[in-house]
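Student:
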Amino acid sequence: MRVPLSWLREYVEVGTDTTPADVLASLVAVGFEEEDVHRFDIEGPVVVGRVLSFEEEPQSNGKTIRWCQVDVGEAEPRGIVCGAHNFAVGDKVVVTLPGAVLPGPFPIAARKTYGHVSDGMIASARELGLGEEHDGILVLSTLGIDAPEGTDAIALLGLDDVAVEINVTPDRGYAFSIRGVAREYAHATGAAFRDPADRDFAELQPGSGFTAVVEDGNPLRGRAGASEFVTRVVRGVDPSRPTPPWMVARLTLAGMRSLGVLIDITNYVMLELGNPVHGYDLDTLTGGITVRRAHDGETMTTLDGQERTLHSEDLLITDGSGPIGLAGVMGGGTTEMSGTTRNVLIEAATFDPVTIARSARRHKLPSEASKRFERGVDPLIPFAAARRVADLMVQLAGGTMTDEGGALFAEVFIEGIDLPSGFVQGLIGVDYTDAEVVGALETIGAEITETGEGRQVIPPSWRPDLTDKWTLAEEVARIHGLDRIPSVLPTPPSGRGYTVLQHGRRRVADALAAAGFVETPSFPFTTQEQNDLHGSASGGRLPGIRLANPLDGQAPFLRRSLVPGLLQIAHRNIARGLVDLALFETGTVFLPEEGRTYGTDEVPPLGQLPSDETIAALNQAIPPQHRHLAALLTGNVTPRQPGRPAEAAGLAEALDALRVIGVGAGIEIEIVQGERAALHPGRTGVLRAAGEDVGYLGELHPSVASDADLPGRAVVLELDLDRVLELAGHRVVAESLSTFPAATQDVSLVVPAEVPAADVRAALREGAGPLLESVRLVDDYRGEGLDDGAKSLSFALRFRAPDRTLTAAEASDAKLAGVSVAAERFGAAIRD
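Residue numbers (full-length UniProt numbering): 1 to 832.
1. How is the alpha helix (DSSP H) around Glu702 delimited, first residue to last?
2. With a threshold of 8 Å on Cβ separation, who are the neighbours of Gly685 within its own chain once the five nearest residues in sequence on each side are excluded?
3. Between Val291 and Val214, is the Cβ-Cβ spacing less than 8 Å?
4. From the DSSP output, read off the bridge partner residues of Val234.
5. Does DSSP put Glu801 in a helix, in a strand, or in coil?
6. Rounded to whole angstroms, what is the Cα-Cα separation between Leu282 and Asn343?
7. So, helix, strand or coil for Ile317, using DSSP?
8. Taking the alpha-carbon positions, what's the Glu718 to Val508 distance?
9. Any idea what DSSP makes of Trp462, helix, strand or coil?
10. How far does the beta strand (DSSP E) with Val775 in it extend, from its first residue to its last?
11. Nearest to Ser738 by CA position, among Val775, Arg804, Ser792 and Gly635, is which residue?
12. Consult DSSP for Asn167 and reduce its assignment to one of helix, strand or coil.
13. Do we get a CB-CB distance below 8 Å when we pair Ala88 with the residues of chain B?
14. Leaving aside the five residues before and after Thr284 along the sequence, list all residues of the same chain whose C-beta is less than 8 Å from its C-beta, in chain order.
15. Under 8 Å, with one C-beta from each stretch per pair, do the segment 124-140 and the segment 12-27 reach the 3-pair mark?
16. Can you name, in chain order, every residue of its own chain whose Cβ lies under 8 Å from the Cβ of Leu396, other than the five neighbours on each side?
17. On a Cα-Cα basis, can you pick out the residue from Pro276, Ile80, Thr400 and Ser124 that is closest to Arg235?
18. Can you give me the Cβ contacts of Phe740 inside the same chain, cut-off strictly under 8 Å, excluding the 5 residues immediately before and after it?
19. What did DSSP end up calling Ser141 once you bin it into helix, strand or coil?
20. Please return the same chain residues whose Cβ sits closer than 8 Å to the Cβ of Val563, not counting the five positions on each side in sequence.
21. Report yes or no: do the segment 96-107 and the segment 50-64 share at least 3 C-beta pairs separated by less than 8 Å?
22. For the alpha helix (DSSP H) that Asp720 lies in, which residues bound it at each end?
23. Let me know the alpha helix (DSSP H) ranges lying completely inside the segment 496-556, each 4 residues or longer, listed in chain order.
24. Measuring only the C-alpha atoms, how far is Leu566 from Ala357?
25. Could you tell me the distance, in whole angstroms, from the CA atom of Leu816 to the CA atom of Ala768?
26. Buried or exposed, going by whether 16 or more other CB atoms sit within 10 Å of the CB of Arg78?
27. Pop quiz: Pro490 and Gly454 are said to be a contact at Cβ under 8 Å. What is the actual Cβ separation, rounded to whole angstroms?
28. In the DSSP assignment, find the alpha helix (DSSP H) that holds Gln620 and state where it starts and stops.
29. Count the CB pairs spanning the segment 566-586 and the segment 600-620 that are closer than 8 Å, and state whether there are at least three.
30. Ignore the nearest five residues each way along the sequence and tell me which others in Glu149's own chain have a CB closer than 7 Å to its CB.
31. Is it the case that the Cβ atoms of Pro592 and Pro623 are separated by a distance below 8 Å?
32. Could you give the first and the last residue of the continuous beta strand (DSSP E) run that contains Ala689?
33. Considering only the alpha carbon of each residue, which of Arg676, Thr471 and Val181 lies closest to Asp418?
34. When we look at the beta-carbon of Gly31 and count the other beta-carbons within 10 Å, is it buried (16 or more) or exposed?
35. Quick one: is Asp722 buried, meaning 16 or more other Cβ sit within 10 Å of its Cβ, or exposed?
36. Three or more beta-carbon pairs under 8 Å between the segment 38-48 and the segment 157-169, yes or no?
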């Protein structure tokens, strides 16, 4: 909202020495954000001049100029070349003298042109920044101005005014008016405020003789589309009269163009009072006014010349001929005020905010009117707004006030709000006195009644945002200054903070980041094909959740795996030259069950709290969600260096990442041979924790890597992170370290080639018992000296006792016990 200071001063005391920065500071103190300061980009000397004489001089280019002698209040007249012809000898004009700067910037200097030295310039309205009129120069007599020669024209035309701009939040629509901002400035400074809508009741009566009816058969939220509708008639207006310069200047600073005196008056009152007002050419109307909803398929042409197909929720202003206005948004082209208008019907109304907001968005037609109506206007203001427009049309357009008009007025009932004693003080944290609480609420216009438990507060009609005791408390804090609220660091209640799972997720993510991986969150949307390929081991058709309104029509499904997102991110980085990648993501995957339908077409009604049954039904419509972790490596883990070749990322690095995850989660994750459709056969493993399958690890199948435009090998892993953390228990417990020395032994076992090394390792661990501290595979040999179909697995064993030094015999006995279990399960034999 742009607020010209000269306009603001009409309704609140603003000192003559108060700067725009001071005004903005005061408005910031009551909750507005400052945006900018606007001025006319013009510098003097710009003065009133009188044309003494001129000579017509035709030019070779076909143009005729006038060589003028102009009295500017100096001893000698000035010679000025002018190309306009809409003035006569004796007319008062605006002269920009050498040294002046006009908007552009356009500096003025004495210069030779058309054979003369033009000692200044006679200006048009557009050159002064007062509008788009440029057919001729500005003749002051047409504006009703008669000032002595040499008078400062900048002050005379209001070009010395300045406007401050503030950001108005959606809940404070009353501040989209000079009336509202002036009241807020009074709150901030204590200056006296005069309400421009404060009129004698008798002045506001619109009379009779013009019918207006509201027929709303389709109210939204049980509310009628129009609650107040006031009309007045002014006859005998002269639309050719110029808009006064002070009004043009104020409208321009407020961000609006001058469009003729009649339209300027309605815009001026809208900015002044905050209630949009519309004027109709009375002679083009057929019968009375009816406010109703549109019929399906009905059309109308709005003021912008567009024919619009209407919706049954649109609220219309109609007469006997049909729609003549889209209520609260824009008028119709058939009844607009024009240069031939002589009689005007003035309309001021209060429309339902939701109805107006939906119409403006539906037709992509935001307007100054809809911006105010959709935020809520004062329901008591239409009578004052209609009278103010009528008065200005009489004063500035030569009209005559009549007794014609009509009014529909629903009783305005504002429900009281109970404000318990001490509530404001407890919520805000400031020891306001009762007098301060009452004084602040009375300052904003509320009516207060004492009750047994506190007070009942009736908010003012222009504040629809005050709906409960919390918003009232905010008003008290705002009026008395937010700087009074102490800065106190709140103490969190015991037992709050991260959950066990959240702590675990952070430990795992921090561990991977410390190991050199980069976390790359992605959108949870993918295709059915990617879900089928990466969402299960078989790669068969799987159930998926399809979005009704996807952001990307090519990826309408919720993901079953995190790997497709990592592949997209890897492709994007490789395309930009980043080829050595170690990526990971933790996120939600959606795993619907076969045969179940998810989602719902029933949207709970807005404006009321859903019941427990409704919430339970919505939760049932949500598919199972699991938080997974996935990682991808491609390129080199060690770059090429002098004396050392590059080392490509492979399964070994993926296994290292798996160990990092296990340490962060506090559980050992094993890997056994497995298969998966998207991974390379023979280079794929299933991840197990506490005997339960929790994910997979392996090298991408070459065709999958090629489809993802990856230039080389890539390894991936994915696991159900929350399940891993649940299996790990509630907390990671650090084991005590023994101070006694370890005993190390090696063993090589011959087993069938198809037996997984992890299973043999598990058998050794189980048989050796608690003395076995560590078992590690160090060699897998297949070749000469072994039977076909056999392999030799070598393990390094470390034994330690917590309370004594082990003997070699004790270590050997434990080792042989482990070998015995391996022999029983897999036919393992110690290799000679």
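Backbone N, C-alpha and C fix where the C-beta goes; we use that ideal spot for every residue, glycine too.
Tutor: Answer, in terms of the structure:
1. Position 702 of the sequence shown, counting from 1, holds the residue named residue 702. One detail in the question is off: residue 702 reads as Pro in this sequence, not Glu. From DSSP, the alpha helix (DSSP H) with Pro702 extends over Pro702 to Asp707.
2. The sequence position of residue 685 within the sequence shown is 685, counting from 1. The answer, listed in chain order, is Ile671, Val672, Gln673, Gly674, Tyr696, Leu697 and Gly698.
3. Numbered from 1 along the sequence shown, position 291 holds the residue referred to as residue 291. Numbered from 1 along the sequence shown, position 214 holds the residue referred to as residue 214. Here Val291 is near Val214, since their CB atoms are less than 8 Å apart.
4. For this step, residue 234 is matched to residue 234 along the sequence shown. DSSP lists Val344 and Met401 as partners of Val234.
5. For the purposes of this step, residue 801 is taken as the residue at position 801 of the sequence shown. Looking at the sequence provided, one finds Ala at residue 801 rather than Glu. In the three-state DSSP reduction, Ala801 falls in the coil class, being neither helix nor strand.
6. As a working note, residue 282 is residue 282 in the sequence shown. As a working note, residue 343 is residue 343 in the sequence shown. When only Cα atoms are considered, Leu282 and Asn343 end up about 5 Å apart.
7. The residue you call residue 317 lines up with position 317 of the sequence shown. Three-state result, Ile317: strand.
8. Position 718 of the sequence shown holds residue 718. Position 508 of the sequence shown holds residue 508. Roughly 13 Å separates the two Cα atoms.
9. Residue numbering aside, residue 462 sits at position 462 when the sequence shown is read from its first letter. Here Trp462 sits in coil by DSSP.
10. On the sequence shown, position 775 is the one that residue 775 refers to. Unbroken beta strand (DSSP E) run through Val775: Leu772 to Tyr781.
11. Within the sequence shown, the letter at position 738 stands for residue 738. Ranking the options by Cα distance to Ser738, first place goes to Arg804.
12. In the sequence shown, counting from the first residue as 1, residue 167 sits at position 167. The answer is strand: DSSP assigns Asn167 an E or B state.
13. Structure shown: chain B not included; a single protein chain is present.
14. Locating residue 284 in the sequence shown gives position 284, where the first residue counts as 1. The answer, listed in chain order, is Thr334 and Thr335.
15. The segment 124-140 makes no contact with the segment 12-27: fewer than 3 CB pairs, one atom from each, lie closer than 8 Å.
16. For the purposes of this step, residue 396 is identified with residue 396 of the sequence shown, where counting begins at 1. For Leu396, where only same-chain residues beyond five positions count, the Cβ hits under 8 Å are Arg241, Thr243, Pro244, Met247, Val261 and Ile265.
17. Within the sequence shown, numbered from 1, the residue matching residue 235 stands at position 235. When each option's Cα is compared against that of Arg235, the closest is Thr400.
18. The residue given as residue 740 occupies position 740 in the sequence shown. Same-chain partners within the cutoff: Arg800, Ala801, Pro802, Asp803, Arg804, Thr805 and Leu806.
19. Taking the sequence shown and counting its residues from 1, one reaches residue 141 at position 141. In the three-state reduction of the DSSP assignment, Ser141 falls in the helix class.
20. As a working mapping, residue 563 is identified with position 563 in the sequence shown. Within its own chain, the residues whose Cβ lies closer than 8 Å to the Cβ of Val563, once the five positions on either side in sequence are excluded, are His534, Ala630, Leu632, Ala678, Val716 and Glu718, listed in chain order.
21. Judged by Cβ distances under 8 Å, the segment 96-107 makes no contact with the segment 50-64, as fewer than three pairs qualify.
22. Here residue 720 corresponds to residue number 720 of the sequence shown, with the count starting at 1. Going by DSSP, Asp720 is part of no alpha helix (DSSP H) but of the beta strand (DSSP E) stretching over Ala714 to Asp720.
23. Taking only runs of at least 4 residues, the alpha helix (DSSP H) segments lying wholly in the segment 496-556 are 500-514 and 528-534.
24. Sequence index remark: in the sequence shown, residue 566 carries index 566 (1-based). Sequence index remark: in the sequence shown, residue 357 carries index 357 (1-based). Their backbone Cα atoms lie some 41 Å apart in a straight line.
25. One-based indexing of the sequence shown puts residue 816 at position 816. One-based indexing of the sequence shown puts residue 768 at position 768. Put simply, the backbone Cα of Leu816 is about 7 Å away from that of Ala768.
26. Start at 1 with the first residue of the sequence shown, and residue 78 comes out as number 78. When all chains shown are included, Arg78 counts as buried.
27. Here residue 490 corresponds to residue number 490 of the sequence shown, with the count starting at 1. Here residue 454 corresponds to residue number 454 of the sequence shown, with the count starting at 1. That pair is no contact at about 26 Å.
28. The residue labelled residue 620 in the question sits at position 620 within the sequence shown. Counting along the chain, the unbroken alpha helix (DSSP H) around Gln620 starts and ends at Asp612 to Gln620.
29. Touching, no.
30. Position 149 of the sequence shown, counted from the first residue, corresponds to residue 149. Cβ neighbours of Glu149 beyond the five flanking positions: Val48, Gly49, Arg50, Asp71, Val72 and Gly73.
31. Here residue 592 corresponds to residue number 592 of the sequence shown, with the count starting at 1. Here residue 623 corresponds to residue number 623 of the sequence shown, with the count starting at 1. The answer is yes: Cβ separation under 8 Å.
32. Along the sequence shown, one-based indexing puts residue 689 at 689. Boundaries of the beta strand (DSSP E) around Ala689: Leu679 to Ala689.
33. Taking the first residue of the sequence shown as position 1, residue 418 is located at position 418. Asp418 has its Cα closest to that of Thr471, out of Arg676, Thr471 and Val181.
34. On the sequence shown, residue 31 is found 31 positions in, with the first residue counted as 1. Buried.
35. Counting from one through the sequence shown, the residue named residue 722 turns up at place 722. By the 10 Å Cβ count, Asp722 comes out buried.
36. Yes, since at least three Cβ pairs between the segment 38-48 and the segment 157-169 fall closer than 8 Å, the two stretches touch.
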